[in-house]
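Q:
Number of protein chains: 2
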Amino acid sequence: MSPASQSRSLIVDACQYCNWSELILRQLVEGRVSAITVTIAYHEDFRETVEHLVDWNRRFERHGDLIVPGRSAGDIDTAAQSGRTAVFFALQNCSPIEDDIGLLQILHQLGVRVMQLTYNNQSLLGAGCYEPVDGGITRMGREVIAEMNRLGFLIDMSHSGERSTLEAIAASQRPIAITHANPHWWRPAVRNKSDAVLKALADSGGMLGLSLYPHHLKDGSACAVTSFAEMAARLADEIGVDHIGIGSDLCQDQPDSVVFWMRDGRWTKTTQAGAGAKAGEGFPPQPHWFRDNRDWPHIRAALIEAGFSVTDADKVMGGNWRRFYGDAFAVGV
Amino acid sequence: MSPASQSRSLIVDACQYCNWSELILRQLVEGRVSAITVTIAYHEDFRETVEHLVDWNRRFERHGDLIVPGRSAGDIDTAAQSGRTAVFFALQNCSPIEDDIGLLQILHQLGVRVMQLTYNNQSLLGAGCYEPVDGGITRMGREVIAEMNRLGFLIDMSHSGERSTLEAIAASQRPIAITHANPHWWRPAVRNKSDAVLKALADSGGMLGLSLYPHHLKDGSACAVTSFAEMAARLADEIGVDHIGIGSDLCQDQPDSVVFWMRDGRWTKTTQAGAGAKAGEGFPPQPHWFRDNRDWPHIRAALIEAGFSVTDADKVMGGNWRRFYGDAFAVGV
Numbered sequence: 042m043s044p045a046s047q048s049r050s051l052i053v054d055a056c057q058y059c060n061w062s063e064l065i066l067r068q069l070v071e072g073r074v075s076a077i078t079v080t081i082a083y084h085e086d087f088r089e090t091v092e093h094l095v096d097w098n099r100r101f102e103r104h105g106d107l108i109v110p111g112r113s114a115g116d117i118d119t120a121a122q123s124g125r126t127a128v129f130f131a132l133q134n135c136s137p138i139e140d141d142i143g144l145l146q147i148l149h150q151l152g153v154r155v156m157q158l159t160y161n162n163q164s165l166l167g168a169g170c171y172e173p174v175d176g177g178i179t180r181m182g183r184e185v186i187a188e189m190n191r192l193g194f195l196i197d198m199s200h201s202g203e204r205s206t207l208e209a210i211a212a213s214q215r216p217i218a219i220t221h222a223n224p225h226w227w228r229p230a231v232r233n234k235s236d237a238v239l240k241a242l243a244d245s246g247g248m249l250g251l252s253l254y255p256h257h258l259k260d261g262s263a264c265a266v267t268s269f270a271e272m273a274a275r276l277a278d279e280i281g282v283d284h285i286g287i288g289s290d291l292c293q294d295q296p297d298s299v300v301f302w303m304r305d306g307r308w309t310k311t312t313q314a315g316a317g318a319k320a321g322e323g324f325p326p327q328p329h330w331f332r333d334n335r336d337w338p339h340i341r342a343a344l345i346e347a348g349f350s351v352t353d354a355d356k357v358m359g360g361n362w363r364r365f366y367g368d369a370f371a372v373g374v
Numbered sequence: 042m043s044p045a046s047q048s049r050s051l052i053v054d055a056c057q058y059c060n061w062s063e064l065i066l067r068q069l070v071e072g073r074v075s076a077i078t079v080t081i082a083y084h085e086d087f088r089e090t091v092e093h094l095v096d097w098n099r100r101f102e103r104h105g106d107l108i109v110p111g112r113s114a115g116d117i118d119t120a121a122q123s124g125r126t127a128v129f130f131a132l133q134n135c136s137p138i139e140d141d142i143g144l145l146q147i148l149h150q151l152g153v154r155v156m157q158l159t160y161n162n163q164s165l166l167g168a169g170c171y172e173p174v175d176g177g178i179t180r181m182g183r184e185v186i187a188e189m190n191r192l193g194f195l196i197d198m199s200h201s202g203e204r205s206t207l208e209a210i211a212a213s214q215r216p217i218a219i220t221h222a223n224p225h226w227w228r229p230a231v232r233n234k235s236d237a238v239l240k241a242l243a244d245s246g247g248m249l250g251l252s253l254y255p256h257h258l259k260d261g262s263a264c265a266v267t268s269f270a271e272m273a274a275r276l277a278d279e280i281g282v283d284h285i286g287i288g289s290d291l292c293q294d295q296p297d298s299v300v301f302w303m304r305d306g307r308w309t310k311t312t313q314a315g316a317g318a319k320a321g322e323g324f325p326p327q328p329h330w331f332r333d334n335r336d337w338p339h340i341r342a343a344l345i346e347a348g349f350s351v352t353d354a355d356k357v358m359g360g361n362w363r364r365f366y367g368d369a370f371a372v373g374v
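Heads up: the protein sequence lines correspond to chains D and Y, in order.
Here the first sequence is numbered in the working numbering, starting from 42 and rising by one per residue.
Here the second sequence is numbered in the working numbering, starting from 42 and rising by one per residue.
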């Protein structure tokens with residue numbers, strides 16, 4: 042295969058947090074998913090994050106026939122050529138670096154390639170999207186952005202507040218990503234993004250991963266795939282197809298205790314609402330057209346039905362992330 | 042330069058623990074030392090060890106004109122060709138892996154390439170050389186040896202008891218090292234090694250790094266370089282020149298508090314004796330012919346004076362470690 046035809050046929054998902062099992066890894070391969078970026082930590086500190094990395098090292102050792110470590114964009118091609126899935130690591134919060142900027146390079150050495158500066162709440166680096174006040178990027182936040190730029194460590198602002206997001210886009214020397222969110226105009230959820238953010242993101246060369254998490258979808262779990270695809274088509278007209286990919290936020294086989302961990306961490310003793318869910322509500326049902334990693338063809342077909350050319354549909358399905366990761370993870374830029 | 046001539050001219054020191062400064066790094070370059078293996082931890086747990094790795098990441102970033110990260114043996118050649126020093130990382134104890142075998146791969150990913158299974162005392166893996174009873178390699182010790190073999194993580198038994206050392210040599214699928222010790226027949230110190238250990242080490246393809254730490258030397262700080270070189274010559278006759286290198290144990294510019302940390306860690310509330318020193322004694326003075334990294338020519342000259350050919354002297358000075366590291370750190374063997 043030529044690089045161009047590879048790029049057209051890639052499926053890349055920029056955000057998954059499944060309850061990993063051999064079953065799910067086999068579904069990834071069956072679904073011809075060439076790369077996923079998996080969440081390693083939400084509220085974990087450094088030491089706890091390392092234990093999750095130990096678990097992944099063991100998965101790579103045991104399931105080398107199904108998955109390969111994702112470190113640079115070329116690993117996506119390696120995976121695609123050998124019928125496996127490249128697994129990249131992401132942090133949804135900065136808690137794993139604690140208050141030590143040196144832990145960024147340590148985590149990068151351990152294979153982590155993406156980090157959100159905030160997760161819903163105020164962090165040491167910026168404000169999350171549920172904070173009543175967003176004071177923007179902090180002093181340490183600016184240092185961390187510069188260090189992430191140096192290392193080739195992708196900045197993700199999916200769960201950040203508006204001001205913090207705009208300031209991160211402006212402060213970063215490299216384009217950033219919002220790996221899993223949708224336009225606010227399609228579903229007015231706190232987690233979905235304003236026109237101002239989407240425009241600034243695309244204008245700076247960044248990427249939006251469209252989310253398939255029901256609370257981010259119009260009509261929630263009942264959302265039609267045609268509605269999703271039409272949203273993507275309108276967004277492509279607005280910000281350009283080259284800036285759109287998918288970050289499904291798939292949380293397959295997770296017990297509800299996990300969504301409470303995501304929302305509540307250890308920062309509260311009460312049960313919080315989040316992402317359109319009332320306090321105490323568990324994971325919403327997946328839309329029927331995206332239950333696991335064998336369902337990607339439904340989305341591709343809907344994109345083409347909604348007016349995307351085959352070339353553009355394949356950009357959204359994975360080609361754009363492949364291109365973007367190539368720049369985002371390159372060292373010595 | 043051909044690989045052969047490179048190999049002849051290399052200086053490699055398998056054990057240093059200096060109080061690192063730009064001054065010392067410049068002395069390494071001035072002394073044309075192509076590689077050193079530095080101690081990262083004695084009694085530190087994983088998290089503390091990571092902070093030392095953070096410090097080294099910063100040194101590599103700031104002093105890229107002087108040092109390069111040592112990960113594989115080829116980095117020694119890279120350093121030699123560019124007039125810099127490759128810095129490899131070693132642990133003198135297994136405390137950094139705590140009771141988690143998965144931390145071996147994590148530390149390997151962070152660049153660590155050598156680990157002692159024990160440091161003077163009983164560890165989770167085996168017995169140290171000061172324990173009254175040496176029960177040999179433990180259950181976890183056997184698992185760790187197998188995992189180190191898989192990763193290309195060199196086993197070092199410098200501070201281990203006799204039985205544990207012999208059992209590690211037998212259990213390991215790869216040759217092991219004793220990176221810093223001398224023959225017991227030359228200086229009968231607890232830390233120096235018996236004929237049985239030296240023979241088993243060499244017969245299995247292992248390496249001994251001759252120590253320049255005064256308590257390991259005949260006549261201590263007053264040891265003559267001729268005595269050291271004559272010891273090396275006799276040892277080469279006994280076990281073969283290909284199994285001998287140098288591990289100086291240089292602790293330049295360290296305050297005495299560091300030697301108390303080495304001996305006492307946090308395992309005792311009292312002050313211990315160690316390596317020929319009485320309790321409470323600080324670092325001994327260096328022999329006048331090896332005060333810092335500009336003094337290597339004195340040793341090479343003495344080796345040739347003691348009867349080594351130039352070829353064999355250069356093997357001892359660094360060529361043997363270069364060859365041995367090539368096998369020891371190779372992955373997928």
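In this text, a Cβ means the ideal position worked out from N, Cα and C, and glycines have one as well.
Chain D beta carbons: is any one of them nearer than 7 Å to that of Y/Arg49?
A: Your numbering for residue 49 of chain Y matches position 8 in the second sequence. Only weak support is given to the placement of Y/Arg49: the predicted model assigns it a pLDDT of 46, under 50, and the value that follows is read from those uncertain coordinates. Output row for Y/Arg49: interface = no.
Q: Compute the beta-carbon to beta-carbon distance between Y/Gln157 and Y/Leu192, rounded to the nearest angstrom, for a pair I have assumed lies under 8 Å.
A: By 1-based counting over the second sequence, the position of residue 157 of chain Y is 116. By 1-based counting over the second sequence, the position of residue 192 of chain Y is 151. The Cβ separation is near 16 Å, so there is no contact.
Q: Would Y/Ile196 pass as an interface residue toward chain D - the criterion being a Cβ-Cβ separation below 7 Å?
A: As a first step, residue 196 of chain Y must be located in the second sequence, where it is residue number 155. Cβ-Cβ to chain D under 7 Å: no for Y/Ile196.
Q: Taking 7 Å as the CB-CB cut-off, is D/Gly143 touching chain Y?
A: Sequence index remark: in the first sequence, residue 143 of chain D carries index 102 (1-based). Closer than 7 Å: yes.
Q: Check D/Gln133 in the structure and name its three-state DSSP category.
A: Counting from one through the first sequence, the residue named residue 133 of chain D turns up at place 92. Here D/Gln133 sits in coil by DSSP.
Q: Roughly how far, in whole angstroms, is the beta-carbon of D/Leu151 from the beta-carbon of D/Thr126, given that I think they are within contact range, below 8 Å?
A: Here the question's residue 151 of chain D lines up with position 110 in the first sequence. Here the question's residue 126 of chain D lines up with position 85 in the first sequence. No, D/Leu151 and D/Thr126 are not in contact; Cβ-Cβ is about 19 Å, not under 8 Å.
Q: Could you give the first and the last residue of the continuous beta strand (DSSP E) run that contains D/Asp54?
A: Counted from its first residue, the first sequence places residue 54 of chain D at position 13. Segment 53 to 57, the beta strand (DSSP E) holding D/Asp54.
Q: Check whether the Cβ atoms of D/Gly182 and D/Leu166 sit closer than 7 Å, and answer yes or no.
A: For the purposes of this step, residue 182 of chain D is identified with residue 141 of the first sequence, where counting begins at 1. For the purposes of this step, residue 166 of chain D is identified with residue 125 of the first sequence, where counting begins at 1. It is a contact, given that the beta carbons lie within the stated cut-off.
Q: Can you grab the Cα-Cα spacing for the pair D/Ala120 / D/Val109, in whole Å?
A: Taking the first residue of the first sequence as position 1, residue 120 of chain D is located at position 79. Taking the first residue of the first sequence as position 1, residue 109 of chain D is located at position 68. Rounded to the nearest angstrom, the two C-alpha atoms are 7 Å apart.
Q: Would you say D/Ile228 lies against chain Y (beta-carbon separation less than 7 Å)?
A: Counted from its first residue, the first sequence places residue 228 of chain D at position 187. Looking at the sequence itself, residue 228 of chain D is Arg, so the reference to Ile does not match. By this cut-off, D/Arg228 is not an interface position.
Q: In or out: D/Ser62 buried (at least 16 other Cβ within 10 Å) or exposed?
A: Position 21 of the first sequence holds residue 62 of chain D. Burial check for D/Ser62: the Cβ neighbour count within 10 Å stays below 16, so the residue is exposed.
Q: Return the first residue and the last residue of the alpha helix (DSSP H) that Y/Thr352 is part of.
A: Indexing the second sequence from 1 puts residue 352 of chain Y at position 311. It spans 351 to 355 - the alpha helix (DSSP H) in which Y/Thr352 sits, taken as one unbroken run.
Q: So, under 8 Å CB-CB, Y/Trp362 and Y/Val53 are touching, yes? Tell me the CB distance rounded to an integer number of Å.
A: Counting from one through the second sequence, the residue named residue 362 of chain Y turns up at place 321. Counting from one through the second sequence, the residue named residue 53 of chain Y turns up at place 12. Contact check for Y/Trp362 and Y/Val53: beta-carbon distance about 4 Å, within the 8 Å limit, so the pair qualifies.
Q: So what does DSSP say about D/Leu165, is it helix, strand or coil?
A: In the first sequence, counting from the first residue as 1, residue 165 of chain D sits at position 124. Of the three classes helix, strand and coil, the one that applies to D/Leu165 here is coil, per DSSP.
Q: Taking the alpha-carbon of D/Ser123 as reference, which of D/Gly306, D/Phe194, D/Val70, D/Arg100 has the nearest alpha-carbon?
A: For the purposes of this step, residue 123 of chain D is taken as residue 82 along the first sequence, with counting starting at 1. D/Ser123 has its Cα closest to that of D/Val70, out of D/Gly306, D/Phe194, D/Val70, D/Arg100.
Q: Specify whether the region 214 to 221 of chain D and the region 242 to 252 of chain D touch according to this definition: at least 3 beta carbon pairs, one from each stretch, less than 8 Å apart.
A: yes
Q: Are there 16 or more other CB atoms within 10 angstroms of the CB of D/Trp308, so buried, or fewer, so exposed?
A: Locating residue 308 of chain D in the first sequence gives position 267, where the first residue counts as 1. Exposed: under 16 other Cβ atoms inside 10 Å.
Q: Would you identify the three-state DSSP class for D/Arg232, choosing helix, strand or coil?
A: Residue numbering aside, residue 232 of chain D sits at position 191 when the first sequence is read from its first letter. For D/Arg232, the secondary structure class from DSSP, reduced to helix, strand or coil, is coil.
Q: Tell me whether Y/Glu102 is buried or exposed, calling it buried when 16 or more other Cβ atoms sit within 10 Å of its Cβ.
A: Mapped onto the second sequence, residue 102 of chain Y falls at position 61. That one is exposed.
Q: Step through the CB atoms of chain Y and report whether any lies within less than 7 Å of the CB of D/Leu151.
A: What you label residue 151 of chain D is simply residue 110 of the first sequence in a count that begins at 1. Taking Cβ atoms only, chain Y reaches closer than 7 Å to D/Leu151, which makes this a yes.
Q: Compare the Cα-Cα distances from D/Tyr58 to each of D/Ile147, D/Asp333, D/Leu291, D/Asn233 and report the closest residue.
A: The residue labelled residue 58 of chain D in the question sits at position 17 within the first sequence. Per the Cα distances, D/Leu291.
Q: What are the boundary residues of the beta strand (DSSP E) that D/Ile287 is part of?
A: Residue 287 of chain D sits at position 246 when you count from the first residue of the first sequence. D/Ile287 -> beta strand (DSSP E) spans 285 to 287.
Q: So, does the CB of D/Gln146 fall closer than 7 Å to a CB anywhere in chain Y?
A: By 1-based counting over the first sequence, the position of residue 146 of chain D is 105. Judged by the 7 Å Cβ criterion, D/Gln146 is in contact with chain Y.
Q: Could you tell me whether any Cβ in chain D is nearer than 7 Å to the Cβ of Y/Val95?
A: Numbered from 1 along the second sequence, position 54 holds the residue referred to as residue 95 of chain Y. It does; some Cβ of chain D falls within 7 Å.
Q: For Y/Arg180, return the contacting residues in chain D, with the cut-off set at a CB-CB distance below 8 Å.
A: Residue 180 of chain Y sits at position 139 when you count from the first residue of the second sequence. Under the 8 Å cutoff, chain D gives no residues; its nearest Cβ is about 19 Å from Y/Arg180.
Q: Step through the CB atoms of chain Y and report whether any lies within less than 7 Å of the CB of D/Asn190.
A: Mapped onto the first sequence, residue 190 of chain D falls at position 149. The beta-carbon of D/Asn190 is placed no less than 7 Å from the nearest beta-carbon of chain Y.
Q: Less than 8 Å between the CB atoms is what I'm expecting for Y/Val266 and Y/Ala343, so what's the real figure, rounded?
A: Along the second sequence, one-based indexing puts residue 266 of chain Y at 225. Along the second sequence, one-based indexing puts residue 343 of chain Y at 302. The Cβ separation is near 4 Å, so the contact holds.
Q: Starting from the N-terminal side, write out each stretch of the beta strand (DSSP E) that is 3 residues or longer and does not extend beyond the region 49 to 126 of chain Y.
A: 53 to 57, 76 to 82, 108 to 110
Q: With 16 as the cutoff for other CB atoms within 10 Å, does Y/Asp175 come out buried or exposed?
A: One-based indexing of the second sequence puts residue 175 of chain Y at position 134. By the 16-neighbour rule on beta-carbons within 10 angstroms, Y/Asp175 is buried.
Q: Whose CA, out of Y/Ile340, Y/Ala347, Y/Val351, Y/His284, lies closest to the CA of Y/Tyr366?
A: Start at 1 with the first residue of the second sequence, and residue 366 of chain Y comes out as number 325. The option with the nearest alpha carbon to Y/Tyr366 is Y/His284.
Q: Would you give the residue range spanned by the alpha helix (DSSP H) that Y/Gly250 belongs to?
A: If you number the second sequence from 1, residue 250 of chain Y lands on position 209. Counting along the chain, Y/Gly250 falls outside any alpha helix (DSSP H), though it belongs to the beta strand (DSSP E) covering 248 to 251.
Q: According to DSSP, simplified to helix, strand and coil, what is D/Ser268?
A: Within the first sequence, residue 268 of chain D is the residue found at index 227, counting from 1. D/Ser268: helix per DSSP, three-state reduction.
Q: Out of D/Ser268, D/Gly360, D/Thr90, state which residue places its alpha-carbon closest to the alpha-carbon of D/Gly348.
A: For this step, residue 348 of chain D is matched to residue 307 along the first sequence. Minimum Cα distance to D/Gly348 is reached at D/Ser268.
Q: For D/Pro224, does the three-state DSSP call read helix, strand or coil?
A: For the purposes of this step, residue 224 of chain D is taken as the residue at position 183 of the first sequence. The DSSP-derived three-state label of D/Pro224 is strand.
Q: On the three-state DSSP scale, how would you describe D/Ala243?
A: Stepping through the first sequence from its first residue, residue 243 of chain D is reached at position 202. DSSP places D/Ala243 in helix when its eight states are reduced to three.
Q: So is Y/Asn361 in contact with chain D if we call contact Cβ pairs under 7 Å?
A: The residue given as residue 361 of chain Y occupies position 320 in the second sequence. So, not an interface residue.
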